[in-house]
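Structure, as structure tokens:
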Amino acid sequence: GQYISGRYNPGIWSYNYQENSWKEETYANAKLIPPARYWQGASLNSSNSTLLIFGGQSGMGFIGDTWIYDILSSTWKNIESKQLPEPPPRVNGAVAYDPKEDVFVLFGGLGDDMTDFKDTWIFKEGAGGGVWSAVTSKE
Numbered sequence: 039g040q041y042i043s044g045r046y047n048p049g050i051w052s053y054n055y056q057e058n059s060w061k062e063e064t065y066a067n068a069k070l071i072p073p074a075r076y077w078q079g080a081s082l083n084s085s086n087s088t089l090l091i092f093g094g095q096s097g098m099g100f101i102g103d104t105w106i107y108d109i110l111s112s113t114w115k116n117i118e119s120k121q122l123p124e125p126p127p128r129v130n131g132a133v134a135y136d137p138k139e140d141v142f143v144l145f146g147g148l149g150d151d152m153t154d155f156k157d158t159w160i161f162k163e164g165a166g167g168g169v170w171s172a173v174t175s176k177e
């Protein structure tokens with residue numbers, strides 16, 4: 039999504055390499071989609087065709103929610119961690135998928151008071167949800 043003409047756009051777009059074209063995706067259940075946002079962290083798990091998004095800026099301020107988009111079924115799932123704590127709300131957090139460990143990694147970002155986060159979190163998908171875990175330094 040993005041902020042356009044005074045409103046947030048919840049759209050997700052895909053690129054077709056063979057046709058060299060973009061298209062806006064439609065959802066199997068348009069009632070269950072993430073709130074529109076921008077500056078979210080996102081990464082693709084290509085082994086199971088899912089996209090994770092975390093946080094960002096919405097019309098309600100900085101948010102700290104986690105959503106998984108299943109590319110094959112065109113459905114979103116709001117993920118509530120099976121345990122606490124979870125990463126605090128932020129914008130511009132960097133998210134990457136680690137295929138060796140089969141986890142998503144979140145690093146840094148900015149808090150709503152412009153705190154520069156220097157933390158690292160791991161998200162492990164599981165049946166019916168997933169778990170965030172803070173990574174602690176060994177120093």
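Numbering (our numbering), first residue to last: 39 to 177. Just so you know, even glycine gets a beta-carbon here, dropped at the ideal spot from N, CA and C.
The straight-line gap separating the alpha-carbon atoms of residue 151 and residue 160 is approximately 23 Å.
In the DSSP assignment, residue 110 falls outside any beta strand (DSSP E), carrying neither H nor E. When secondary structure is reduced to three states using DSSP, residue 138 falls in the coil class, being assigned neither helix nor strand. Contact between residue 133 and residue 172 fails: their C-beta atoms lie close to 15 Å from each other, not under 8 Å. Between the region 138-147 and the region 56-75, the count of C-beta pairs closer than 8 Å stays below three; the two stretches do not touch. The alpha carbon of residue 48 has as its nearest neighbour, out of 57, 91, 175, the alpha carbon of 91. When 98, 137, 116 are compared, the shortest CA-CA separation from residue 69 is found for 116.
As for any beta strand (DSSP E) of minimum length 3 sitting wholly inside the region 125-177, the runs are 132-136, 141-148, 154-164, 167-173, ordered along the chain. Per DSSP, reduced to three states, the secondary structure at residue 86 is coil, with no helix or strand assignment.
Only residues of its own chain outside the window of five on either side were considered, and among them 75, 76, 77, 129 have a CB closer than 7 Å to the CB of residue 95, listed in chain order.
Contact between residue 100 and residue 127 is confirmed by a C-beta separation of about 4 Å, below the 8 Å threshold.
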